[in-house]
Amino acid sequence: MNKLVIDKEILLKDFIGTIEVTSDEVILNIEGNCKINEIVLGNHKRLIINVLKNSKLEYNRFSLSPSDEGYLEINHEENVISLFNEGILCDKDYKMDLNVYEKYSHINSKVLIRILTLDNASVLVNASGYVFKDTLENEITEDVRAFNSESSKISILPNLIVDSNDVVANHNVTISNVNEEELFYLDSKGINESDAIKLLRNGFMLSIFSDEEFKETIKKYL
Numbered sequence: 557m558n559k560l561v562i563d564k565e566i567l568l569k570d571f572i573g574t575i576e577v578t579s580d581e582v583i584l585n586i587e588g589n590c591k592i593n594e595i596v597l598g599n600h601k602r603l604i605i606n607v608l609k610n611s612k613l614e615y616n617r618f619s620l621s622p623s624d625e626g627y628l629e630i631n632h633e634e635n636v637i638s639l640f641n642e643g644i645l646c647d648k649d650y651k652m653d654l655n656v657y658e659k660y661s662h663i664n665s666k667v668l669i670r671i672l673t674l675d676n677a678s679v680l681v682n683a684s685g686y687v688f689k690d691t692l693e694n695e696i697t698e699d700v701r702a703f704n705s706e707s708s709k710i711s712i713l714p715n716l717i718v719d720s721n722d723v724v725a726n727h728n729v730t731i732s733n734v735n736e737e738e739l740f741y742l743d744s745k746g747i748n749e750s751d752a753i754k755l756l757r758n759g760f761m762l763s764i765f766s767d768e769e770f771k772e773t774i775k776k777y778l
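Below, the structure is given as structure tokens:
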């Protein structure tokens with residue numbers, strides 16, 4: 557798979573591969589059919605994605621121990637499909653701002669985020685989606701789920717601002733801990749509690765990704 561090092565702003569046309577971001581802020585302009593994988597270690601970059609007209613994007617990102625604040629903005633032009641998947645493993649305080657904009661028509665956008673917390677991490681996610689007036693046949697989905705440890709704190713603030721009647725808008729937020737029934741089932745299969753919790757947490761994190769090679773890479777950090 558191709559690997560591309562990106563600094564600041566770039567046009568990606570029919571790109572399939574892995575990227576590495578070297579600046580604190582990057583702007584990705586997406587044209588054609590693109591599939592992008594990214595591993596972020598430590599500093600969570602400020603990412604702005606512009607999905608250009610008649611384009612399709614699948615973006616998979618895993619962030620390990622992001623520090624301080626992260627920012628994600630996705631802008632969609634007309635007649636596009638975009639899927640943004642991100643898994644975040646937090647062991648320190650972290651704030652993320654997510655903004656998705658549908659200013660044009662015939663847009664289908666999905667953002668799926670899974671957060672795992674460790675130790676005494678405190679996480680705040682502001683997740684906002686905007687569908688503009690006079691747009692037609694749009695869909696927007698924001699699905700943010702967190703699996704937290706007993707000593708951590710997670711706050712997720714969802715916000716959908718829709719100014720169109722021709723739209724399907726969905727926003728899902730869940731925050732959960734270890735399910736005792738699932739632990740009991742795994743125990744009945746001979747799996748001890750520590751391994752069972754790890755199995756459940758890893759399954760939660762990996763559930764949004766379909767790329768098997770990318771999933772195997774993530775497992776090395778879990």
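If you want the working numbering, it's the 1-based position in the sequence shown plus 556.
Virtual Cβ for every residue (Gly too), placed ideally from N, Cα, C.
Status (buried if at least 16 other CB within 10 Å, exposed otherwise) for residue i
i    : result
G626 : buried
K776 : exposed
T578 : exposed
K601 : buried
N733 : exposed
V681 : buried
T730 : exposed
V687 : buried
L597 : exposed
Beta carbon of residue i nearer than 8 Å to that of residue j
i    : j    : result
Y615 : N631 : no
K559 : E587 : no
V724 : E698 : no
A677 : D653 : no
L568 : V582 : no
I669 : I696 : no
N655 : S684 : yes
I671 : I710 : yes
L762 : E738 : no
K591 : I566 : no
N606 : N589 : no
E633 : L608 : yes
H545 : E629 : Because the chain is modelled from 557 through 778, residue 545 falls outside the range shown and cannot be assessed.
Simplified DSSP state of residue i, which is helix, strand or coil
i    : result
E614 : strand
E768 : helix
T773 : helix
L692 : coil
S763 : coil
N606 : strand
L628 : strand
F571 : coil
A677 : coil
T790 : Within the shown structure, residues of the chain are numbered from 557 to 778, placing residue 790 beyond reach of any answer.
G598 : strand
S684 : strand
N558 : strand
Y589 : Reading off the sequence, residue 589 comes out as Asn, not Tyr. Three-state DSSP puts N589 in a strand.
E634 : coil
N704 : coil
Y650 : strand
L778 : coil
Y657 : strand
Query raised in the report: Taking one C-beta from the stretch 746 to 753 and one from the stretch 713 to 723 each time, how about it: are there three or more such pairs within less than 8 Å?
Result: no
Query raised in the report: Going along the chain, which unbroken runs of the alpha helix (DSSP H) with 4 or more residues stay wholly within the stretch 708 to 761?
Result: 736 to 744
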